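Colleague: The structure's right below; bear with me while I get my questions together.
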Amino acid sequence: MVKINRPSSSEVKLKHRVSITNKIDEPDSDTGLISNQYHQFDAYADIRAINRGASYFGDVNVGSNQNIDTHEIYIRYPKTYAVDITNYVKFGCRWFKINSVENIDERDRFLRLSVTEKRDDNRRPDSAANIQAGIDPTGYMQPSNIY
1 MVKINRPSSS EVKLKHRVSI TNKIDEPDSD TGLISNQYHQ FDAYADIRAI
51 NRGASYFGDV NVGSNQNIDT HEIYIRYPKT YAVDITNYVK FGCRWFKINS
101 VENIDERDRF LRLSVTEKRD DNRRPDSAAN IQAGIDPTGY MQPSNIY
């Protein structure tokens, strides 16, 4: 068993800007579903990489468990939004699937999100699909709800 040192709330440094999104599957004009990401809110975060045995070959996770945690993301506790495992975190052009949410010390100050980085070529900023769709390759987000 690996002991993981959890930072106290005074050790959390919120220096990265992230966006919390919802993924919603909607019916398309045919008989399938289209997955759309909807912006929920922006937050400043502390992103920490962890190594729990995830192995990649190129951009594909070839580990035995596809939902192995690759990062821990700390954000300020959002008072007006609920964050759960159905949400995603966007950091620049990188996407993270939330696996668990923990309210640190139950003080409603910070949330610890255990996440798995999703490495999908369609979400890379230089991918042909993004360039054709006119998505900004810098991943710059316009200011909105910031915590």
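Take the sequence shown: its position 122, counted from the start at 1, is 122 in the working numbering, and no numbers get skipped. Beta carbons are placed, not taken as given, at the ideal position from N, Cα and C, and that holds for glycine. Since the model is a prediction, treat every value here as computed from it, not as a measurement.
Indicate whether K79 and W95 have their beta-carbon atoms separated by less than 7 Å.
Modeller: Counted from its first residue, the sequence shown places residue 79 at position 79. Counted from its first residue, the sequence shown places residue 95 at position 95. No, Cβ-Cβ distance for K79 and W95 is not below 7 Å.
Colleague: How many angstroms separate the CA atom of A49 from the CA atom of E72?
Modeller: For this step, residue 49 is matched to residue 49 along the sequence shown. For this step, residue 72 is matched to residue 72 along the sequence shown. Roughly 6 Å between the two C-alpha positions.
Colleague: Could you name the residues of the same chain whose beta carbon sits closer than 7 Å to that of S35, not counting the 5 residues immediately before and after it, in chain order?
Modeller: Position 35 of the sequence shown holds residue 35. Once the five neighbours on either side are set aside, the close Cβ partners of S35 are K23, D25.
Colleague: Compare the Cα-Cα distances from A45 to each of T86, E106, I75 and report the closest residue.
Modeller: On the sequence shown, position 45 is the one that residue 45 refers to. A45 has its Cα closest to that of I75, out of T86, E106, I75.
Colleague: Just tell me which of Y77, C93, F91, G92 has its CA closest to the CA of V101.
Modeller: Walking along the sequence shown from the start, residue 101 turns up at place 101. Closest by alpha carbon: Y77.
Colleague: Identify the continuous beta strand (DSSP E) that holds Y74 and give its terminal residues.
Modeller: If you number the sequence shown from 1, residue 74 lands on position 74. It spans 71-76 - the beta strand (DSSP E) in which Y74 sits, taken as one unbroken run.
Colleague: Rounded to whole angstroms, what's the CA-CA distance from N99 to I85? Just pull it up for me.
Modeller: Translated into the one-based positions of the sequence shown, residue 99 becomes position 99. Translated into the one-based positions of the sequence shown, residue 85 becomes position 85. Taking the straight line joining both Cα atoms gives about 5 Å.
Colleague: Using DSSP with H/G/I as helix, E/B as strand and the rest coil, what is D105?
Modeller: Residue mapping note: residue 105 aligns to position 105 of the sequence shown, counting from 1. Three-state DSSP puts D105 in a helix.
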